[in-house]
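Note that numbering that gives the first Met the number 0 has the sequence shown beginning at 0, numbered continuously upward.
For each residue, glycine too, the CB sits at the ideal point set by N, CA and C.
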Amino acid sequence: MTIYDDLGIRRIINANATLTRLGGSLMPPEVLAAMREAAACFVDLAELQRRAGERLAALTHNEAAYISSGAAAGLALATAACVTGPNADLVTRFPHLDGLKNEVVVHRTQRNGYDYAVRQTGVRLVEIGSVEGTRAADLEAAIHERTAAVFWFAGALTTPADLPLPEVIRIAHARGVPVVVDAAAQLPPVSNLWDFTRQGVDLALFSGGKDLRGPQSSGLVLGRRDLIEACRLHGNPNQAIGRPMKVGKEEMLGLLAAVERYLALDHDARAQFCEAAVQCWCDALNPVAGVAAERAFPNEAGQPLPRCRVTFDPSILGQTRDDVLRRLMEGDPAVSAAPAGDDGIFLNPMTLEAGEDTLVLNRLLAVLRTSA
Ligand SMILES: *Cc1c(COP(=O)(O)O)cnc(C)c1O
């Protein structure tokens, strides 16, 4: 990979997760081919966004679809769409939203770094509930005429204390308020592309650059036609809040190719690859003194794929979790793994290419067999 060598950039084997700071995911050949073809001529960008959106909506069994520059951009656009609806006169009001629907309701337990993308539009977050629990009455009391939407963060960001999503949808819809689900990392299962909206969610947001393996700067907004039209009003190339979140023709067609690939993917075979990798890691690591390895399920974002949890006894091994993580990253190629509690790491097969599972194992065994 001379283009990286030229810059003195080391290759990283990603046994961690679809993390933006590591480059998200790797684009398969069909995605790259679509981007290359898309780059070769001028088109009307708004028309392409609309056509690609129609195709994506049909493929994912949704009423309408919009391509954003990522799930975080989707959060900002979905927020703006819920504030204004498809009313072009309100588009340039951001971020000064006095007199408009300028509040978004969210479970306190689901607050997370990505909700900055909601707040940056100018709306105020209204928190409901606590770790002790959230009652239907809490949501009912939080909704009034200034409520733009209720946001829900799916997967590992949902806690058992939260109101069930169907209950949230029922209460919000009874008051005419849309429900938006951040499902950025909620693939697999592929059925999530339609299950959230079939449940009644008004907009569901996904990253294009995570398990879909589309362009890193792409995302999917799926759902209600009027709200998708509102996303268009706020999005590039219009001079609006979404203008800095530009999506190019290459990303649009790259994401479309990625979704087509993902729908046709043999998800069972993929899950078997992950299970086999985890089994192989456990078998090879458990005999090492001071090391215990086991299958962990589901994985970090709550997707139904296994990881391997490897725990260390520093008094026997002579190394701590941080020693192991650091030494894995110092190698060439570097290996990125996630911490697991104070005394262990997770190895994730989800982001590995065929053969890299062995490479990761051999690098870890080399680290464990030599002292820090
Ligand atoms: C990854 C992630 C995002 C951001 O997605 P991008 O496509 O990188 O913008 C937002 N929300 C959650 C819950 C995520 O996991």
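Just to check, is the beta-carbon of A71 closer than 8 Å to a non-hydrogen atom of ligand 1? For A71, the shortest C-beta to heavy atom distance toward ligand 1 is below 8 Å.
If you measure between the beta carbons of Q185 and G208, is that distance less than 9 Å? No, Cβ-Cβ distance for Q185 and G208 is not below 9 Å.
Any contact between the stretch 81–92 and the stretch 192–199? By contact I mean 3 or more CB pairs, one from each, below 8 Å. Verdict: no, contact absent.
CA-to-CA distance, S24 to L284, given in whole angstroms: Approximately 27 Å between the Cα atoms of the pair.
Assuming L138 and L162 make a contact with CB atoms under 8 Å, what is their CB distance in whole Å? About 6 Å; that satisfies the 8 Å criterion.
Within the 9 Å Cβ cut-off, does L18 reach chain D? The structure shown contains no chain D, having only a single protein chain.
Span separating the alpha-carbon of I127 from that of V105: When rounded, the distance between both Cα atoms is 6 Å.
So, for D312: in the same chain, excluding its five sequence neighbours on each side, which residues have a beta-carbon less than 7 Å away from its beta-carbon? These residues qualify, in order along the chain: G289.
Kindly list the residues whose CB is nearer than 7 Å to the CB of G22, restricted to its own chain and excluding five residues on each side of it in sequence; keep chain order. Non-local C-beta neighbours of G22 in its own chain, meaning closer than 7 Å and more than five positions away in sequence, comprise Q215, ordered along the chain.
Along the chain, where does the alpha helix (DSSP H) that runs through N361 open and close? If you look at N361, you'll find it in the alpha helix (DSSP H) that goes E355 to R368.
Using the rule of at least 16 other Cβ atoms within 10 Å of the residue's Cβ for burial, across every protein chain shown, is P343 buried or exposed? Pro is not the amino acid found at residue 343; the sequence shown has Gly there. Result: buried.
Return the chain-ordered ranges of every beta strand (DSSP E) run that is complete within the stretch 60–108 and spans a minimum of 3 residues. The DSSP assignment places complete beta strand (DSSP E) segments of no fewer than 3 residues inside the stretch 60–108 at 63–67 and 102–106, in order along the chain.
My assumption, with CB atoms under 8 Å, is that E250 sits in contact with S217. Please give the rounded CB distance. That belief holds up - the Cβ atoms of E250 and S217 are roughly 4 Å apart, short of 8 Å.
Distance between beta carbons of A16 and A337, contact taken as under 8 Å: Right, their Cβ atoms sit about 6 Å apart.
Under the assumption that G330 contacts S370 (Cβ atoms under 8 Å), give the Cβ distance between them as a whole number of angstroms. So it is not a contact: roughly 15 Å between Cβ atoms.
Exposed or buried, which one is F205 when buried takes at least 16 other CB atoms within 10 Å? Burial check for F205: the Cβ neighbour count within 10 Å reaches 16 or more, so the residue is buried.
Less than 9 Å separating the beta-carbons of R269 and P188? Contact flag unset, no.
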